[in-house]
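A short worksheet on the structure shown next.
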Amino acid sequence: MSERAPVLTIDGPGGAGKGTISRLVAERLGWRLLDSGALYRLTALAADKHDVALDDEAALARVAEALDVVFLAESGEARILLEGEEATRTIRTEQVGDAASRVASLPAVREALLRRQRDFCQAPGLVADGRDMGTVVFVDAPLKIFLTASADERAQRRQLQLREAGVDASLSSLLKEIQARDARDMQRSVAPLVPADDAVELDTTSLTIPEVVDRLTELLAQRGLASDT
Ligand code: DC
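Each residue of the sequence shown is one higher than the one before, counting from 0 in numbering that gives the first Met the number 0.
As structure tokens, then:
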């Protein structure tokens, strides 16, 4: 394990609010942020760029190992460059998300991304957002959260997010996609989406974003990892 600083792991299904919550908690604490889903999305995008088939595990692992990615945080806005090109929005499409979910089910790809993820752990601390942060990547993390929300609620949140981006999508098709991705993430044989034995489960269905951030800050303070003010 190469943990050099405290890690807060935030795992859970897509749409549970992990991205927003992780970013806000990291900002509040002044800690680094690892968006591990972005690494799987970037691997899928790089594979597409280089014409690597989504079932060629060895070639995909090489793509993951060689990922040329830069995470920028300029004036509060996070940007991602893949091979020097803007990838911030491209990796968020449903198409890339779907390819990422396939790529993420391949053990050699997950192995290839392990060290890169652990390298994010630097002082003063790290908020790690993903599916297997507490179960595989940072098993010694002093606080592990498993964030959930009902599938209906997650579909509604996704619809709102898409609407804000000017995209119309039906609730029933979003719900189906969410359920299919949940099933794939939970049923895969390697690093399936499950709460770590020592994770605190938090259902955000009826909580606001500030309520969730406050709750996590309280839990960190209880463990002596941060002040709750
Ligand atoms: O969180 P996200 O939607 O950006 O993740 C994209 C895909 O990558 C999703 O299908 C789950 C997968 N993933 C994973 O398997 N392990 C992680 N630590 C993060 C994401």
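Ideal placement from N, C-alpha and C gives every residue a C-beta, glycine not left out. Predicted model, so just to flag it, every value in this text is computed and none were measured.
Notebook entry, point to check: Hey, A190 and T134 are a contact pair by Cβ (cut 8 angstroms); roughly how many whole angstroms apart?
Noted result: About 7 angstroms separates the two Cβ atoms, so the contact holds.
Notebook entry, point to check: Among the residues of its own chain, which have a CB less than 7 angstroms from the CB of R222, if the five just before and after it don't count?
Noted result: Correct list, in chain order: P141 and L142.
Item checked: Residue span of the alpha helix (DSSP H) that contains L174, given as start and end -> L170 to Q186 is the extent of the alpha helix (DSSP H) around L174.
Next item on the list: Using alpha carbons as the reference points, say which of V62, L215, D54 and S104 lies closest to A46.
Entry: Scanning V62, L215, D54 and S104 for the CA closest to the CA of A46 turns up V62.
Note to self: I need the DSSP call for E82, collapsed to helix, strand or coil.
What the structure shows: Residue state, collapsed to three classes: coil.
Next item on the list: Assign R40 to buried or exposed, taking buried as 16 or more other Cβ atoms, counted over all protein chains shown, within 10 Å of its Cβ.
Entry: Burial call: buried.
Checklist line | Cβ neighbour criterion (16 or more within 10 Å) applied to I208 | finding: It counts as exposed.
Next item on the list: Name the residue from S172, G129 and E64 whose alpha carbon lies nearest to the alpha carbon of T19.
Entry: When only C-alpha atoms are compared, the closest one is G129.
Margin query: Judging by CA-CA distance, which residue of G165, S172, D184 and I144 is the nearest neighbour of Q155?
Written below: Among G165, S172, D184 and I144, the Cα nearest to that of Q155 is on S172.
Check: Between V6 and A127, which are expected to be in contact by the criterion C-beta below 8 angstroms, what is the C-beta distance as a whole number of angstroms?
Finding: Indeed they touch by this definition, with Cβ atoms about 6 angstroms apart.
Notebook entry, point to check: Under 8 angstroms, do G124 and L218 count as touching if we go by C-beta distance?
Noted result: With contacts defined as CB atoms closer than 8 angstroms, G124 and L218 fail to qualify as a contacting pair.
Notebook entry, point to check: Going by Cα to Cα distance, which pick from A225, E64, D55 and A72 is closest to R114?
Noted result: The option with the nearest alpha carbon to R114 is E64.
Notebook entry, point to check: Would the C-beta of R40 count as close to the ligand DC, meaning under 7 angstroms from any of its heavy atoms?
Noted result: At least one heavy atom of the ligand DC is nearer than 7 angstroms to the Cβ of R40, so yes.
Item checked: Three-state class that DSSP yields for E2 in the structure shown -> Residue confidence for E2 is low, a pLDDT of 47 falling below 50, so the modelled location carries little weight and cannot support an answer.
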